[in-house]
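To keep things clear, I will list the structure first and then write my remarks on it.
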Amino acid sequence: MNLFEKIFNYQVLSRLEDSGTFMITSHERAWLKTMLNHPAAAEAFTAETLDKLFSLLEQDQRMDTRDYLLEKAKSTEGQVYHSLLRSLRRHITSKSGICLTYQLKRGQVQSEQSGLPYKLEYSMVKREWYLLWYHLRHRAFMSTRLKNIVTVSAEPIPSEKAERILAHVARTLDSRKTDVVIEIVREYNQELSRILYAFSCFEKDVAYDEEQDTYRVRVCLPGDEMEFLLSKIRFLGKRVRVIEGNYLKRRMLEASTKALERYGMEHT
Numbered sequence: 001m002n003l004f005e006k007i008f009n010y011q012v013l014s015r016l017e018d019s020g021t022f023m024i025t026s027h028e029r030a031w032l033k034t035m036l037n038h039p040a041a042a043e044a045f046t047a048e049t050l051d052k053l054f055s056l057l058e059q060d061q062r063m064d065t066r067d068y069l070l071e072k073a074k075s076t077e078g079q080v081y082h083s084l085l086r087s088l089r090r091h092i093t094s095k096s097g098i099c100l101t102y103q104l105k106r107g108q109v110q111s112e113q114s115g116l117p118y119k120l121e122y123s124m125v126k127r128e129w130y131l132l133w134y135h136l137r138h139r140a141f142m143s144t145r146l147k148n149i150v151t152v153s154a155e156p157i158p159s160e161k162a163e164r165i166l167a168h169v170a171r172t173l174d175s176r177k178t179d180v181v182i183e184i185v186r187e188y189n190q191e192l193s194r195i196l197y198a199f200s201c202f203e204k205d206v207a208y209d210e211e212q213d214t215y216r217v218r219v220c221l222p223g224d225e226m227e228f229l230l231s232k233i234r235f236l237g238k239r240v241r242v243i244e245g246n247y248l249k250r251r252m253l254e255a256s257t258k259a260l261e262r263y264g265m266e267h268t
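In structure tokens:
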């Protein structure tokens with residue numbers, strides 16, 4: 001494909017994206033039709049949306065995975081979808097206030113607490129959903145597990161006040177973020193897709209140095225996610241190195257030193 005074809009295809013895809021249209025393959029349509037038959041689909045979508053999706057996929061065949069996919073035994077895992085996701089998402093989109101009743105770690109129940117929802121966040125470490133919200137009476141930023149929320153309902157709040165609070169929360173979260181730069185070792189450039197997939201759950205930018213033929217990934221994350229990023233870096237092993245980020249450099253050095261000491265080897 002020459003340069004002009006690439007430019008034309010990019011323009012077409014950009015216009016489709018701007019109009020709210022996106023292209024999917026027949027394989028993706030078959031996968032979607034298969035997933036819509038999962039019991040969780042009835043909770044994730046409204047009945048109207050499900051009917052519309054089924055009508056659009058009426059001519060497509062479902063995937064028959066019984067003959068070539070076998071799920072092995074595993075530990076008990078919580079359902080990714082939560083029944084409160086849909087209603088909380090509506091409150092966040094409409095910038096509506098909420099009235100929460102939720103349970104604390106030690107079992108105490110906080111009843112009818114007024115707040116403003118900011119964001120829904122899924123923890124890859126704990127494998128559960130959290131609601132990030134602003135407590136109006138305490139004027140504090142809160143993080144509450146969805147499984148601990150007993151009830152939630154809409155509560156009116158002036159739009160000007162909501163905008164002011166959301167802007168304050170955004171500034172607070174940005175101030176807590178840290179940038180880390182990770183360089184992909186050049187010998188492993190052919191594994192770029194796999195390496196970037198390991199960082200797919202983080203906010204990141206990728207830069208390529210043509211002279212050095214190296215890729216650098218700048219990851220922006222809050223401090224409480226450092227250990228999770230560290231686990232990803234350890235998983236990738238010698239494929240990557242930390243260029244910027246003193247905390248991660250120190251933790252990687254500590255882990256390497258302990259490993260060498262454990263096996264009776266001198267650290268060099």
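In our numbering, the protein residues as written are 1 to 268. Beta carbons are placed, not taken as given, at the ideal position from N, Cα and C, and that holds for glycine.
Suppose you measure from the CA of Lys238 to the CA of Phe228; what does that come to, to the nearest Å? 18 Å
Where Gly97 and Arg86 are concerned, what is the direct C-alpha to C-alpha distance, given to the nearest angstrom? 15 Å
Can you tell me whether DSSP reads Ala42 as helix, strand or coil? helix
As a quick exercise: from Val80, Leu84, Asp224 and His27, pick the residue whose alpha carbon is nearest that of His38. Val80
May I have a chain-ordered list of the beta strand (DSSP E) segments no shorter than 3 residues that lie completely inside the region 95 to 146? 97 to 103, 109 to 123, 128 to 135 and 140 to 145
Cα-Cα separation, Ser26 to Arg251: 46 Å
By DSSP's criteria, Ile184 is part of a beta bridge. Which residues make up the other side? Tyr215 and Val240
Alpha carbon to alpha carbon, how far is Leu146 from Ala42? 19 Å
Contact set for Val169: own chain, Cβ-Cβ below 7 Å, skip 5 residues either direction: Tyr118, Tyr134 and Phe141
In its own chain, which residues sit with a C-beta less than 6 Å from the C-beta of Gln103, not counting the 5 before and 5 after it? Val109 and Asn148
Between Ile181 and Arg216, how many whole angstroms is the CB-CB distance? I'm expecting something under 8 Å. Checking the sequence, you will find Val at residue 181 rather than Ile. Correct: roughly 6 Å between the Cβ atoms.
Beta-carbon separation of His91 and Trp129 under 9 Å? no
Quick check: what's the CA-CA separation for Asp51 versus Ile233? 43 Å
Am I right that Leu236 and Ala198 are in contact with their C-beta atoms under 8 Å? What's the rounded C-beta distance? 6 Å
Would you report the Cα separation of Thr178 and Leu230, rounded to the nearest angstrom? 14 Å
Can you find the residues in the same chain that come closer than 6 Å, C-beta to C-beta, to Ala154, ignoring five residues on each side of it along the sequence? Ser96
First through last residue of the beta strand (DSSP E) which encompasses Thr151: Ile149 to Glu155
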